[in-house]
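> Let me begin by handing over the structure; questions about it come next.
In our numbering, the protein residues as written are 3 to 606.
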């Protein structure tokens, strides 16, 4: 017995259930012989006379082996309020976590009775159905994608390896001079936001919706896991009404809020990565806050996001559609794809950006938010609660499988409701401090127009002084050589226009290596999912003629051989790649209507 649960593992089965099952079979054999076989054939049993004793023996014969086999395959029998699959308590998983805790500096908090599932997906997921379809169209392109990329699902060891990176952010200390530089840029950014034309709208909407608890304005992903305080497996859509009631109570009652926050836990899950075929396997750990915390903080962040989207330097909400590529090139002063004289385009890839953020940097963001909230006349009681919830993210109590809880200090948690905003704001402060005036930032991604006086080495050193390591720095006078958000903006001299482009090999890799735990365990037919994802990648990369040509032929095959005419794009599907950046995609698309023109105007 452990934590109120009785667990029967394989060794217990061997010692107890297996002999019981064998005894049942032996008893059945004896009574079959004595009764002349009445218990073998049901009709013989019913036609003969029987007693209560014989009925009991018959039922025992039929049910005990079945029950024993069920217990065997489940590998556990459990009792209590928190049933725990036995594989969570298996020695390998327990040992992995124990070794991690013993060899790292995270503070261990009292264990929780809430048990999270360990990863159990396929390490390298492959959609063989989509691969077969595309292979019939262009086998060389599929083979090249197969040799170039792989999709890696997370394992417990990979999650913990990623979590270990947060030790760096928790220990990173900036000098007083650097803190002053960031605060100075934060003051400048505060003035820019509060003096903009969009400020009054932000202040009015944020103050009113927080005061009135307008949860209907929140764009909540209802299919995502609810998180704390609910047990694993509960979806947000199942508990939204009661969560809104809880939020009302926490926002109204100081005592209820003070009692709740110390119990709030950040649950952990993982995300797969598309990696180079020869790269080391790795995955991301996702630490997401409790549902009430997410809802309460979203009341502010949803309006801050709208405010930030009005500025050209913010990449949040910017669309490549509706002439987006031309607008992008115009903003960066490109002439037929070429930078102005004496300047070049630069993009950087930061290693472990979220996990490298220090407590001091996060406190600068917290102070920035409270200044905005005060200036917007948001009620002080909400501001006080926001500070507590933000601090709870900085010093998060993170729940791991087997009930282990660790204090993870520093680093912006990926499941925080303001991750996109806060990542973008901090990165903006760093880029502004570099002296760059034309830039666009979205989280850890950026695109900059940089003077040749600032060398690539200067940029690397600038990030390094704030404690960030650049994995890659791209630099060119040709805009089409630099990617932003995994897309290239290229110039078409024939049509005199700009267009977005993703390499064919990457699109094919994303199609045949889906971001799924195990494509073999789908509850929707392969051809239906293939049609959805093919449409999505057609919208995502419409101007790559080779890629779109392959996709259109694949859609024709689905229509002809699998009778797929209409493709339903659910709201949940629209939230996932490759649809998540295209809000105007209709909920139903007829494959006959899919245009052969690259603009796809009927879709977007």
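Ideal placement from N, C-alpha and C gives every residue a C-beta, glycine not left out. All values derive from a computational prediction rather than experimental measurement.
(1) Below 8 Å between beta carbons: does that hold for residue 192 and residue 370?
(2) Compare the Cα-Cα distances from residue 145 to each of 216, 514 and 282 and report the closest residue.
(3) Measuring alpha carbon to alpha carbon, tell me which of 265, 561 and 297 ends up nearest residue 231.
(4) Leaving aside the five residues before and after residue 474 along the sequence, list all residues of the same chain whose C-beta is less than 6 Å from its C-beta, in chain order.
(5) Within a Cβ cutoff of 6 Å, which residues of the same chain sit near residue 608, ignoring the five residues on either side of it in sequence?
(6) Taking the beta strand (DSSP E) that residue 494 belongs to, which residues open and close that run?
(7) Output the distance between the C-alpha atoms of residue 181 and residue 589, rounded to the nearest integer angstrom.
(8) Sorted by chain position, which residues of the same chain lie with C-beta nearer than 6 Å to residue 450's C-beta, five sequence neighbours on each side aside?
(9) Can you name, in chain order, every residue of its own chain whose Cβ lies under 8 Å from the Cβ of residue 656, other than the five neighbours on each side?
(10) Is the region 504-524 close to the region 535-550, with three or more CB pairs under 8 Å?
(11) What did DSSP end up calling residue 147 once you bin it into helix, strand or coil?
(12) Just to confirm before moving on: does the CB-CB distance between residue 408 and residue 109 stay below 8 Å?
(13) How is the alpha helix (DSSP H) around residue 313 delimited, first residue to last?
(14) Which class does residue 519 belong to by DSSP, given the choice of helix, strand or coil?
(15) In three-state terms, what does DSSP make of residue 417?
(16) Under a three-way DSSP split, which group does residue 477 fall into?
(17) For residue 190, count neighbouring Cβ atoms within 10 angstroms of its own Cβ and tell me buried if that reaches 16, exposed if not.
(18) Answer yes if the region 479-489 comes into contact with the region 197-208, meaning at least three C-beta pairs across the two stretches below 8 Å, and no otherwise.
(19) Rank 212, 423, 322 and 591 by C-alpha distance to the C-alpha of residue 249 and give the top, closest one.
(20) Could you tell me the alpha carbon to alpha carbon distance between residue 587 and residue 570, rounded to whole angstroms?
(21) So, at 6 Å on beta carbons, what are the nonlocal neighbours of residue 161 in its own chain, with the 5 sequence-adjacent residues on each side left out?
(22) Starting from residue 449, trace the beta strand (DSSP E) both ways and give me its first and last residue.
(23) Which residue marks the beginning of the beta strand (DSSP E) containing residue 348, and which one marks its end?
(24) Scan the region 149-225 and note each continuous beta strand (DSSP E) run of 3 residues or more that stays entirely inside, going in chain order.
(25) If I follow the unbroken beta strand (DSSP E) through residue 273, where does it start and stop?
(26) Have a look at 237, 429, 218 and 268 and flag the residue whose alpha-carbon is nearest the alpha-carbon of residue 227.
(27) Is the Cβ-Cβ distance between residue 493 and residue 339 less than 8 Å?
(28) At the level of alpha carbons, what is the spacing between residue 334 and residue 415?
(29) Considering Cα atoms alone, identify which of 117, 343 and 427 is closest to residue 267.
(30) Near residue 331, what residues of its chain come up, given a Cβ to Cβ distance below 8 Å and the 5 sequence neighbours on each side ignored?
(31) When we look at the beta-carbon of residue 592 and count the other beta-carbons within 10 Å, is it buried (16 or more) or exposed?
(32) Please classify residue 221 as buried or exposed, where buried requires at least 16 neighbouring CB atoms within 10 angstroms.
(33) Which residues in the same chain have their Cβ closer than 6 Å to the Cβ of residue 76, if we skip the five residues on either side of it in sequence?
(34) For the beta strand (DSSP E) that contains residue 537, what are its first and last residues?
(35) Which one or two residues does DSSP pair with residue 110 in a beta bridge?
(36) Does the Cβ-Cβ distance between residue 516 and residue 129 come in under 8 Å?
Taking the geometry as given:
(1) Contact: yes.
(2) Checking every option, the nearest Cα to that of residue 145 belongs to 514.
(3) Residue 265 is the option with its Cα nearest to residue 231.
(4) Correct list, in chain order: 351.
(5) Residue numbering for the chain in the displayed model covers 3 to 606; residue 608 lies beyond these limits and cannot be assessed.
(6) Going by DSSP, residue 494 is part of the beta strand (DSSP E) stretching over 489-494.
(7) So the alpha carbons of these two residues sit roughly 48 Å apart.
(8) Annotation for residue 450: 348, 438 and 441 place their beta carbon closer than 6 Å to its own, counting only its chain and skipping 5 residues before and after.
(9) Missing from the structure shown is residue 656; the chain here goes from 3 to 606 and no further.
(10) Proximity of the region 504-524 to the region 535-550 meets the contact definition, three or more beta-carbon pairs being nearer than 8 Å.
(11) In this structure, residue 147 counts as helix in the three-state DSSP scheme.
(12) In contact: residue 408 and residue 109 (Cβ atoms closer than 8 Å).
(13) Segment: none, residue 313 is in no alpha helix (DSSP H) and carries neither H nor E.
(14) Assignment of residue 519 by DSSP, reduced to helix, strand and coil, places it in the coil class.
(15) Strand, per DSSP.
(16) Here residue 477 carries a strand assignment [DSSP, helix/strand/coil].
(17) Exposed, because fewer than 16 other Cβ atoms sit within 10 Å of the Cβ of residue 190.
(18) The region 197-208 vs the region 479-489: no contact.
(19) Proximity to residue 249 across 212, 423, 322 and 591 peaks at 212, based on C-alpha coordinates.
(20) Rounded to whole angstroms, residue 587 to residue 570 spans 11 Å at the Cα level.
(21) Non-local beta-carbon contacts of residue 161 in its own chain, meaning distances under 6 Å to residues more than five positions away in sequence, involve 272 and 287 in chain order.
(22) 447-453 is the extent of the beta strand (DSSP E) around residue 449.
(23) Here the beta strand (DSSP E) through residue 348 covers 345-353.
(24) If only uninterrupted beta strand (DSSP E) runs of at least 3 residues are considered, those enclosed by the region 149-225 are 151-154.
(25) From DSSP, the beta strand (DSSP E) with residue 273 extends over 269-273.
(26) Considering only alpha carbons, the answer is 237.
(27) Yes, Cβ-Cβ distance for residue 493 and residue 339 is below 8 Å.
(28) Near 32 Å, if we compare the C-alpha coordinates of residue 415 and residue 334.
(29) Checking every option, the nearest Cα to that of residue 267 belongs to 117.
(30) Answer for residue 331: 339, 481, 491, 493 and 500, listed in chain order.
(31) In this structure residue 592 is exposed. Its beta-carbon is surrounded by fewer than 16 other beta-carbon atoms within 10 angstroms.
(32) Looking at its Cβ environment, which holds fewer than 16 other Cβ atoms inside 10 Å, residue 221 is exposed.
(33) Note that residue 76 has pLDDT 47, beneath the 50 cutoff, so the model's placement of it is unreliable and the number below is only indicative. Hits under 6 Å: none found.
(34) The continuous stretches of beta strand (DSSP E) do not include residue 537, which lies in the alpha helix (DSSP H) extending over residues 528-542.
(35) Within the DSSP bridge table, the entry for residue 110 names 408 as partners.
(36) Residue 129 is positioned such that its CB atom lies closer than 8 Å to that of residue 516.
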